[in-house]
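Under this note's numbering, think of the first position of the sequence shown as 51, with each following residue one higher. Ideal Cβ placement from N, Cα and C applies to all residues, glycine included. What you are looking at is a predicted structure, and each value in this text was computed from that prediction instead of being measured.
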Amino acid sequence: FASGISRGVLIEIDNDGARVVTTDNSRLALAKIELAGGIDAKVVTPRDQATSLAKVFTDAETLKVAVDDAYIYLEGHQAMVKLSLMEGAFPDYRAIVPSQQIDKTVRVDATDLRAAVERASILTSFDDNNRMDVIVADGRVVVLGENSYGTLQESVDATVGLTAGDEPFAVAMNTRFLR
Numbered sequence: 051f052a053s054g055i056s057r058g059v060l061i062e063i064d065n066d067g068a069r070v071v072t073t074d075n076s077r078l079a080l081a082k083i084e085l086a087g088g089i090d091a092k093v094v095t096p097r098d099q100a101t102s103l104a105k106v107f108t109d110a111e112t113l114k115v116a117v118d119d120a121y122i123y124l125e126g127h128q129a130m131v132k133l134s135l136m137e138g139a140f141p142d143y144r145a146i147v148p149s150q151q152i153d154k155t156v157r158v159d160a161t162d163l164r165a166a167v168e169r170a171s172i173l174t175s176f177d178d179n180n181r182m183d184v185i186v187a188d189g190r191v192v193v194l195g196e197n198s199y200g201t202l203q204e205s206v207d208a209t210v211g212l213t214a215g216d217e218p219f220a221v222a223m224n225t226r227f228l229r
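See the structure below:
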């Protein structure tokens, strides 16, 4: 996700609707929009231009969309906006966004989790995007920080809501977003 094109906003339009995707190379935002039909398009536009759309159009407004080789055009009730296109391929966000809904809940005391993350983050590596593994199983949340000097594991009591037969699960997260 570190390429220049990832600093843009991906706009995908097809029979399933529209998806607007952007990233800051640490987080990813995905908005899905229902469409009444129309065109198939996959374009990337500069983030600052796409951000201006919220100032021009309302959430309830129906837009007409057209695309050519250099621009995407959006026309609403009282305005038309022309956004320039960026060349290149936007990173494949589908590779990191789950394709099916995840039906799992975890309740944990925020103060206890924050303290565990602070302690375990001592051994997270800046070179690895401050990566911390979070493992959920058997009424516990385990946070695991490691680097070339060693591993630090912290555990916190949790209420875990899994569907019958679900296996314990783990996710990797940037510690900056858990503090």
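Would a C-beta distance cut-off of 7 Å place residue i and residue j closer than the cut-off?
i      : j      : result
Val186 : Phe219 : yes
Ala120 : Leu135 : yes
Gly126 : Glu137 : no
Gly195 : Ala170 : yes
Val206 : Val221 : no
Val106 : Ala139 : no
Ala166 : Glu204 : yes
Val156 : Val193 : no
Val70  : Tyr143 : no
Asn197 : Ser76  : no
Ile83  : Ala104 : no
Ile89  : Ile122 : no
Leu124 : Val117 : no
By a C-beta neighbour count over all protein chains shown, 10 Å radius and 16 as the cutoff for buried, is residue i buried or exposed?
i      : result
Thr174 : buried
Val147 : exposed
Leu80  : exposed
Ile172 : exposed
Gln150 : exposed
Asn65  : exposed
Thr101 : exposed
Using the three-state DSSP reduction, which class does residue i fall into: helix, strand or coil?
i      : result
Phe51  : Because Phe51 carries a pLDDT of 48, less than 50, the predicted location of this residue cannot be relied on, and no value is offered for it.
Ile43  : There is no way to answer for residue 43, as the model of the chain reaches only from 51 to 229.
Val147 : coil
Asp162 : helix
Ile89  : coil
Leu228 : coil
Ser171 : helix
Lys105 : helix
Glu111 : coil
Tyr121 : strand
Ala208 : strand
Val154 : In the sequence under discussion, the amino acid at residue 154 is Lys, which differs from the Val named in the question. Three-state DSSP puts Lys154 in coil, outside helix and strand.
Ser134 : strand
Pull up the DSSP beta-bridge partners for residue i, would you.
i      : result
Gly58  : Pro96
Met223 : Met182
Ser198 : Its beta-bridge partners do not exist; DSSP assigns none.
- Query: Per the contact definition of three or more C-beta pairs closer than 8 Å, is the segment 92-112 in contact with the segment 53-62?
  - Reply: yes
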